[in-house]
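A.B. asks:
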Amino acid sequence: MSFGELIGYLVLAIYILALLYITFYCLMQFHLLLQYRKSRWHQPARPKQLTDYPVVTVQLPIYNERYVVNRLIDRICALDYPKDKLEIQVLDDSTDDTVDLSRRKVEAYRAQGFDIKLITRTDRTGYKAGALQHGLRSARGAFIAIFDADFLPRADFLTTTLPFFRDDHVGVVQTKWEHINQDYSLITQLQAFQLNVHFTVEQSGRQAGAYMLQFNGTAGVWRRATIDDAGGWQSDTLTEDLDLSYRAQLRGWKIRYLEFFGSPAELPAEMNGLKSQQFRWMKGGAETARKMLPTVWKSDLTSGQKVHASLHLLSSTVFVFVFILGVLSVPVSFLIKPLGVNIDYLTVSLLSFVSIIAIYYVANVKASWGAGSKWRKLLKFILLFPLFLSLSMGLSLHNTVAVIQGYLGRKSPFVRTPKFNIQSLTDRIGKRSYLARKLPFTTLVEGLLALYFLAAVIIGIALDDTSFIFFHILLMFGYGTICYYSIRHLSMQ
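Position one of the sequence shown corresponds to residue 162 (the numbering used here), numbered consecutively onward.
1) Which term fits Glu268, buried or exposed, when burial requires 16 or more other beta carbons within 10 angstroms of its beta carbon?
2) Between the Cα of Val618 and those of Glu607, Phe631 and Val606, spot the shortest distance and give me the residue it belongs to.
3) Residues in its own chain within less than 8 Å of Ala519 by CB, not counting five upstream and five downstream?
4) Counting pairs of Cβ atoms below 8 Å between the stretch 446–461 and the stretch 351–367, do you hit three or more?
5) DSSP three-state label for Val493, please.
6) Near Phe325, what residues of its chain come up, given a Cβ to Cβ distance below 7 Å and the 5 sequence neighbours on each side ignored?
7) Between Tyr345 and Leu167, what straight-line distance do the alpha-carbon atoms span, to the nearest angstrom?
8) Under the rule that 16 or more other beta-carbon atoms within 10 Å means buried, what is Ala386, buried or exposed?
9) So for Pro222, helix, strand or coil by DSSP?
10) Using the Cα positions of Phe514 and Arg227, report the straight-line distance between them to the nearest angstrom.
11) Residue range of the alpha helix (DSSP H) that Ala174 falls in?
12) Measuring CA to CA, which of Arg298, His633 and Leu399 is closest to Tyr288?
13) What would DSSP say about Tyr242, mapped onto helix, strand or coil?
14) Count the other CB atoms, across all protein chains shown, that sit within 10 Å of the CB of Lys572; report buried if there are 16 or more and exposed otherwise.
15) How many angstroms separate the CA atom of Ile277 from the CA atom of Gln250?
16) Cβ atoms of Val230 and Leu262: under 7 Å apart, would you say?
17) For the alpha helix (DSSP H) containing Asp389, list its first residue and its last residue.
18) Examine the Cβ distances between the stretch 614–629 and the stretch 541–553 and report whether three or more of them are shorter than 8 Å.
19) Is any heavy atom in the ligand SAM found nearer than 6 Å to the beta carbon of Cys238?
20) With DSSP as the reference, label Phe312 as helix, strand or coil.
21) Closest to Tyr372 by CA distance: which of Trp394, Gln438 and Gly465 is it?
22) Tell me the DSSP secondary structure of Pro215 in three-state form.
23) Label Trp338 either buried or exposed according to how many other C-beta atoms from any shown protein chain fall within 10 Å of its C-beta, with 16 as the threshold for buried.
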């Protein structure tokens, strides 16, 4: 065997391993879909309404949110709950005029008899986790509700969630995220398209299968005793919510997920804000996997629970394999014939493709898009699904960098996702504050990858070898679109 053949087989072997990992991951997601469908036929009875009202502390972690802080505080003070049983902590670590807006709102509502406090810190030690833990020191509530700045909770949020704590084993109640601006742009539509899977198939499927769930960082309520028992908020990962969720469940507490009750929120409306959110989620997920996987496998969980927990914690890693699969698909397309490989063996990827189609169809068309013409919803799905696949692939380089940094233990600050009070199609981002000011190196690489896959398409057509052409077109469009919008939204400055 020549050196060239050896390299060729090595490239092919890495490609196949990446393909097998992605296929296995997708099949396990399909298993959650089966659990989800089964749960739809066995809905547990909802607890009776509250007859007594425990003291609740609502924590609002804020950092530089001048466009949304006022509406957030207004919405919290409109909760349908007795004033004497409600404590509101505005945990404002802002370095701009947001803290002045918060102060004025807090003073106005205190004058109306609300128990509302502005709590500031001289530094951002621990970032969001540090702010939440700092607030707990003076919190008087037996239950702790948490909302990020972009959320607009419904008035009956507390009266709907608190009855589930009658089960003494329930430590967390998490509600479904809804999207107030999902139709604003293609970027927001595709985010909603993906998040709908997490807040239907994944969360409800894990609950139905008795697997590990997660608190999503906002729009949920914690039992104060659960936080304390699990060791409190810790800032050694960027996903403090996922970390504490696992620590709490491994202590025997349960997370109750309410798919039937939504909490509206604003999706990132520009590409660089989306990237910062994705980076935090992907890197934090890798950090939490590194931290919690050994504990999961040493625990008393069943084998099935351990496998699903592992894939849950490793979910960000799938982007690494998507990136590898994409980059290596070009040389592999030219190696198949010289190496005498039967391409039919690669059709195993169809299992993952069909699984993902089924998962996203159920999560969106069946569960999230509500009433309307089934044919119109089907057409919308047919249009959005390939775009979603393409842009997800386009984000794989950015997310791979985040995941690798997480596993290597490289620390970085908690970068917030800027929100601009975008609620309708007429709202504009314009030249608002908080937009990214620097072009990261990865954006340039994304542009080069778009050209790389364009060349692969052209060469494939020239050689009359179109076996990978659809895949390469999706990759070309995905990387090109991510690069284009990253530069365009940067230029709004």
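Ideal Cβ placement from N, Cα and C applies to all residues, glycine included. Just so you know, these numbers come straight off a predicted model, no measurement behind them.
C.D. replies: According to the structure data:
1) exposed
2) Phe631
3) Phe191 and Leu194
4) no
5) helix
6) Pro208, Val331, Val334 and Arg417
7) 50 Å
8) exposed
9) strand
10) 42 Å
11) Phe164 to Ser200
12) Leu399
13) coil
14) exposed
15) 6 Å
16) yes
17) Arg385 to Asp390
18) no
19) With respect to small molecules bound, the structure shown includes none, and the ligand SAM cannot be examined in it.
20) strand
21) Gly465
22) coil
23) buried
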